[in-house]
Amino acid sequence: MRVTGRGIWGPPKDRAEALATLKRVPELGVNFVDTAWSYGPKISEELIREALHPYDGLLIATKGGLTRGGPDDWRQDGRPEKLISDAKDSLKRLGLEQIALWQLHRIDSKVPSDEQFGAVKQLLDAGLIAHAGLSEVSVAQIEAARKVFPVATVQNIYNVGNRQNEDVLNYCEAHQIGFIPWYPLAAGGLTRLWSMVAAVARAKGAARGQIALAWLLKRSPVMLPIPGTGKVKHLEENTLAAAIELTDAEFDALDKAGR
1 MRVTGRGIWG
11 PPKDRAEALA
21 TLKRVPELGV
31 NFVDTAWSYG
41 PKISEELIRE
51 ALHPYDGLLI
61 ATKGGLTRGG
71 PDDWRQDGRP
81 EKLISDAKDS
91 LKRLGLEQIA
101 LWQLHRIDSK
111 VPSDEQFGAV
121 KQLLDAGLIA
131 HAGLSEVSVA
141 QIEAARKVFP
151 VATVQNIYNV
161 GNRQNEDVLN
171 YCEAHQIGFI
181 PWYPLAAGGL
191 TRLWSMVAAV
201 ARAKGAARGQ
211 IALAWLLKRS
221 PVMLPIPGTG
231 KVKHLEENTL
241 AAAIELTDAE
251 FDALDKAGR
C-alpha cells in the first residue's frame, strides 16, 4: 500500500484518504497487504495497524533489511542483529504476536548471505514469523536461501513491459514459490506496448492499469500483484482487474509487445 509521502518518506499528504483506502481493503475482498518497516519509515505499518487491526481475515506481509536516509534513499543493512530487530519492531508496530510473512527486503552485499539467511531462520524457529520470503534476488540466491530456510515468496520487479526476472518467475512457478511482482503497473515507457494495452482496454471496457494487472494474473498461477495506491478510487479500480479474463490472443499480443 502506498500510504506515505513522496519518495515513500514521511506521512501521506492526505492522511484521511490513506486511512480510508486501507479500511476499504477488506471490504473489497482483498486479503493480502504488503508493507515494510522502511516505508515512511515506520509510518506505513503504523497506519495499517490504525486502520485494520486486528486484521480479521487479512494476511499482513512486511519486510526488513533496508534503512532510510531520506526520500528515495534506500540503504542495505543485513546485519543479523538488525534483521531480527527489524522484525521485532514490526511486530510491535503492527500489534502482532507473529508476522504471517516477513521478507528480506534486499540481500546486503556487505554481509555474508549465509548470516542473513541464518537470521531469517532464527525468526522462523522462534515463531516470530510464520513464513519468510526474499526480494530482488536471483535464482542462485533463492537456491542458496532454500538450503537454510523454506522460501515462501519472492518479490522482484516484473510487469508486462519489464521481463528481466522471467527466469526467477519460472523458477518460482516450478517450485511453487509465490511470486510478488512489485511495480506491476509500469510498462517500461514503451509506446508500442501502451498502444497495445490501450487497444485491449478499449475492447474490454477497462482501464489500462486493469489490463496490465489482468495480464499478470493470467501469466502465472503463483503471481500475486501488489499495485500500490493511497486512493480509494484507484484501489477499487485495481481490484476489478481480477474479474477481467484476457483471451489467449490478447495475452499473446501483450506478451509480444512487452518483450
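With the numbering used here, letter number 88 in the sequence shown gets 88, and the count goes up by one each step, no holes. The beta-carbon is built from N, C-alpha and C at its ideal position, and this holds for glycine as well.
Subject >> With 16 other Cβ atoms within 10 Å as the buried cut-off, status of Q164 >> reply: exposed
Original post:
Quick one, which of K218, I8, V160 has its alpha-carbon nearest K256's?
Top reply: V160
Subject >> C-beta contact flag for P11 and I60 at 8 Å >> reply: no
Original post:
What residue does the beta strand (DSSP E) around G70 start on, and which one ends it?
Top reply: 66-70
**OP:** Consult DSSP for K82 and reduce its assignment to one of helix, strand or coil.
**Re:** helix
Original post:
When the Cα of H105 is compared with those of I99, Q116, K63, which residue comes out closest?
Top reply: K63
Subject >> Within 8 Å, strictly: CB atoms of T229 and T35 >> reply: no
Subject >> At least three beta-carbon pairs within less than 8 Å, the region 40-54 to the region 75-84 >> reply: no
Subject >> Test item: CB-CB of K204 and I244 under 8 Å >> reply: yes
Original post:
Based on the DSSP secondary-structure assignment, which residues constitute the bridge partners of Q116?
Top reply: Paired residues: none, contrary to the question.
Original post:
Among A16, G29, L58, T4, which one has its Cα closest to the Cα of W37?
Top reply: T4
**OP:** Take Q116 as the anchor and find which of I142, L96, L91, K92 has the nearest alpha-carbon.
**Re:** I142
Original post:
Bridge partners of P181, per DSSP?
Top reply: N156
**OP:** Could you check what DSSP says for N36 in three-state terms: helix, strand or coil?
**Re:** It should be pointed out that residue 36 corresponds to Ala in this sequence rather than to Asn. A36: coil per DSSP, three-state reduction.
**OP:** Give a yes or no on whether 8 Å exceeds the smallest Cβ distance from V30 to chain B.
**Re:** Checking the listed chains, one finds no chain B in this structure; it contains a single protein chain.
Subject >> Among N170, P221, A87, D252, nearest to A100 - alpha-carbon criterion >> reply: A87
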